[in-house]
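Engineer: Under this note's numbering, the sequence shown has 235 at position 16, and the numbering climbs by one with no breaks.
Yeah, the Cβ is synthetic: ideal placement off N, Cα and C, and Gly gets one too.
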Amino acid sequence: MSYVDGFVVPVPQQNLAAYRTMARKAGKVWREHGALAYVECVADDVHPGKLTSFPQAVKLKDGEVVVFSWIVYRSRKDRDRINKLVMADPRLASMMDPKALPFDGKRMFFGGFKTIVEL
220 MSYVDGFVVP VPQQNLAAYR TMARKAGKVW REHGALAYVE CVADDVHPGK
270 LTSFPQAVKL KDGEVVVFSW IVYRSRKDRD RINKLVMADP RLASMMDPKA
320 LPFDGKRMFF GGFKTIVEL
């Protein structure tokens, strides 16, 4: 079964176009290095919960929107190999400068997931 990296990011609405541009470039790099899929989604029907939620998890501020993203790989081994190549790719270096990001990277959360059901 596949392996997935997941990300949740708060993005100021005024920076959404810049984020989309960055994500398209990043996705191209991941795909060229072997990722099976690269998906970025903007919140459309997401509300604060009683205990936790996407907005609460990223400490969403007024004027921001939640972006939920994932990258699919054949396996954890493939993911580790691909991410090493991606992080060394000079095209990504310019995009990953924390001062140039169109979002607050300190409130982003992410992780790697083993697939348990794949239909």
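In or out: D263 buried (at least 16 other Cβ within 10 Å) or exposed?
Structural biologist: Exposed, since its Cβ has fewer than 16 Cβ neighbours within 10 Å.
Engineer: Can you check DSSP and say which residues form a bridge with G331?
Structural biologist: According to DSSP, which records beta bridges pairwise, G331 is partnered with D224.
Engineer: Specify the secondary structure class of E337 as computed by DSSP and reduced to three states.
Structural biologist: Coil.
Engineer: Going by other Cβ atoms of all chains shown within 10 Å of its Cβ, with 16 needed for buried, is I290 buried or exposed?
Structural biologist: By the 10 Å Cβ count, I290 comes out buried.
Engineer: Considering only C-alpha positions, which residue in the set V284, Y292, T334, G225 is nearest to Q233?
Structural biologist: The candidate whose alpha carbon is nearest that of Q233 is V284.
Engineer: Less than 8 Å between C-beta atoms, sequence neighbours within five positions excluded: which residues of the same chain meet that for R326?
Structural biologist: Excluding positions up to five away in sequence, the list reads V228, P229, V277, K278.
Engineer: Which one of Q275, K303, V261 has the shortest CA to CA distance from A236?
Structural biologist: A236 has its Cα closest to that of V261, out of Q275, K303, V261.
Engineer: So E259 and S288 are in contact, right, with Cβ under 8 Å, and what is the actual spacing, rounded?
Structural biologist: At roughly 5 Å, the Cβ-Cβ gap stays under 8 Å, so E259 and S288 are in contact.
Engineer: How would you write the range of the beta strand (DSSP E) that V291 sits in, first residue to last?
Structural biologist: Segment 283-292, the beta strand (DSSP E) holding V291.
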